[in-house]
Amino acid sequence: ETPTSGDVEHHSPTKQRTSKIMMAPLLPSRRPSQSKAAKCLFLAAACVLAIVVFTRTSSSSNLQHAPLAGVRAPAAQMRMSRSINLRTNARKSDKWMQNLGEGVAALGLAGSMAMGTPALASEFDVLDAPKPTNGYIMDDTPCLQKGSEKKMNEDLSFLEVGKGYKLNVITTRKLEDSPDADTLGQRMLDKWSSSDKANSGVLVLVGKNSEVALVGGDKFLAALGEDTAGSIAQETVGYFASEGRPNQGVSEGVNRIRAVLSGEADPGPPVIKSQNKERTYKTKDEVEASKGASIQVVGALLLIAFVVPMLQYAGYVQKE
Numbered sequence: 002e003t004p005t006s007g008d009v010e011h012h013s014p015t016k017q018r019t020s021k022i023m024m025a026p027l028l029p030s031r032r033p034s035q036s037k038a039a040k041c042l043f044l045a046a047a048c049v050l051a052i053v054v055f056t057r058t059s060s061s062s063n064l065q066h067a068p069l070a071g072v073r074a075p076a077a078q079m080r081m082s083r084s085i086n087l088r089t090n091a092r093k094s095d096k097w098m099q100n101l102g103e104g105v106a107a108l109g110l111a112g113s114m115a116m117g118t119p120a121l122a123s124e125f126d127v128l129d130a131p132k133p134t135n136g137y138i139m140d141d142t143p144c145l146q147k148g149s150e151k152k153m154n155e156d157l158s159f160l161e162v163g164k165g166y167k168l169n170v171i172t173t174r175k176l177e178d179s180p181d182a183d184t185l186g187q188r189m190l191d192k193w194s195s196s197d198k199a200n201s202g203v204l205v206l207v208g209k210n211s212e213v214a215l216v217g218g219d220k221f222l223a224a225l226g227e228d229t230a231g232s233i234a235q236e237t238v239g240y241f242a243s244e245g246r247p248n249q250g251v252s253e254g255v256n257r258i259r260a261v262l263s264g265e266a267d268p269g270p271p272v273i274k275s276q277n278k279e280r281t282y283k284t285k286d287e288v289e290a291s292k293g294a295s296i297q298v299v300g301a302l303l304l305i306a307f308v309v310p311m312l313q314y315a316g317y318v319q320k321e
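Take any residue in the sequence shown, note its place counting from 1, add 1, and you have its number in the working numbering.
This is how it looks when you write it as structure tokens:
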């Protein structure tokens with residue numbers, strides 16, 4: 002099928018060979034992006050519709066209770082009409098407020114439909130972005146602190162200007178179009194760094210399941226090392242993200258990448274302290290052994306309780 006004008010092209014020509022860690026095949030699925038003009042038009046139409054509904058409801062209510070001109074009713078009907086009008090006038094303000102509430106509710110519903118919900122646009126915001134939203138970082142989750150973003154942007158700027166390597170960082174709440182984080186990273190590498198893909202890389206963190214991917218061009222991964230790249234993705238960023246500290250994981254992961262690509266020593270992954278927890282329960286063998294010992298003790302006590310009195314009685318009888 003021929004793609005429409007609203008479709009967003011996520012792939013660029015890939016003449017240069019790129020390598021990555023655990024690369025998954027790209028999916029051809031697309032989601033048409035909503036332009037700001039379409040959203041504004043839809044919202045304006047919803048506003049007009051809500052106002053029209055409210056106006057028609059109010060006018061119909063007024064016409065329903067208005068007296069008919071030029072018609073002379075009998076005295077009994079006039080008295081009945083006056084009593085009905087008195088009861089109706091007492092409820093006019095409540096009816097007006099009800100109509101106003103209905104109009105506001107319709108306007109809010111239409112606005113939410115036009116703007117969309119944030120949860121449904123998490124990954125697509127990243128795919129539609131022409132460049133990172135904050136320097137080298139696009140925190141769509143969001144999970145990064147402002148101070149951390151500023152420090153990482155300074156390090157990544159030095160890395161690109163001083164060493165010739167470019168790294169972009171992406172965080173997203175969950176994946177909806179890409180099958181895994183590697184695929185999303187490769188797609189954004191092709192889109193954001195098509196001119197110098199060999200020296201560029203993308204670090205991706207998916208907040209829902211703490212999935213991490215670090216993809217890059219040939220020169221980028223060769224300078225970083227595949228083992229080091231895997232350690233940064235899994236043992237640093239992935240470890241802290243699974244512990245509920247994604248900001249620390251991304252910050253230390255970027256610091257490791259900057260150090261290695263700058264020729265410095267790799268700080269390495271965090272030291273994980275192993276906690277040896279003592280058992281607070283008994284094994285099956287221990288339970289069976291304790292049962293046997295308990296039976297023996299109870300049997301011995303019962304034997305003593307019966308035998309000793311009988312021996313005492315026998316000795317007493319012999320004396321007599």
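All C-beta atoms in this analysis are idealised placements derived from N, C-alpha and C, irrespective of residue type, glycine included.
Buried or exposed by the 16-neighbour rule on C-beta atoms within 10 Å, applied to residue i
i, result
"E253", "buried"
"I305", "exposed"
"L303", "exposed"
"Q313", "exposed"
"M311", "exposed"
"D286", "exposed"
"P131", "exposed"
"G250", "buried"
"P386", "This structure leaves residue 386 out entirely; the chain is present only between 2 and 321."
"D140", "buried"
"G316", "exposed"
"V213", "buried"
"F307", "exposed"
"I296", "exposed"
"T284", "exposed"
"I233", "buried"
"P26", "Note on P26: pLDDT 39, under 50, position unreliable in the model; the coordinate value appears next. Its Cβ having fewer than 16 others within 10 Å, P26 is exposed."
"P33", "Note on P33: pLDDT 43, under 50, position unreliable in the model; no value is reported."
"G239", "buried"
"A67", "Legend: pLDDT at A67 = 45, less than 50; position of this residue unreliable, no value from coordinates given."
"A301", "exposed"
"A266", "exposed"
"V318", "exposed"
"G293", "exposed"
"V216", "buried"
"K320", "exposed"
"V272", "exposed"
"V309", "exposed"
"I52", "exposed"
Enclosing alpha helix (DSSP H) for residue i [first to last residue]
i, result
"V238", "Looking at the DSSP string, V238 is not in any alpha helix (DSSP H), and its letter there is neither H nor E."
"E150", "147–159"
"G254", "247–262"
"V298", "285–320"
"D191", "182–193"
Residue i, enclosing beta strand (DSSP E) - first and last residue
i, result
"G218", "212–218"
In DSSP terms, what residue i is bridged to
i, result
"S201", "K167"
"N135", "I138"
"L206", "T172, V213"
Beta carbon of residue i nearer than 7 Å to that of residue j
i, j, result
"N154", "G136", "yes"
"R259", "L145", "no"
"L185", "S194", "no"
"V261", "L225", "yes"
"E227", "E177", "no"
"N248", "S158", "no"
"G208", "T142", "yes"
"P270", "E244", "no"
"S211", "A242", "yes"
Per the contact definition of three or more C-beta pairs closer than 8 Å, is the stretch 214–222 in contact with the stretch 192–204? yes
Below 8 Å, how does it come out for the stretch 169–177 and the stretch 186–198: are there three or more Cβ pairs, yes or no? yes
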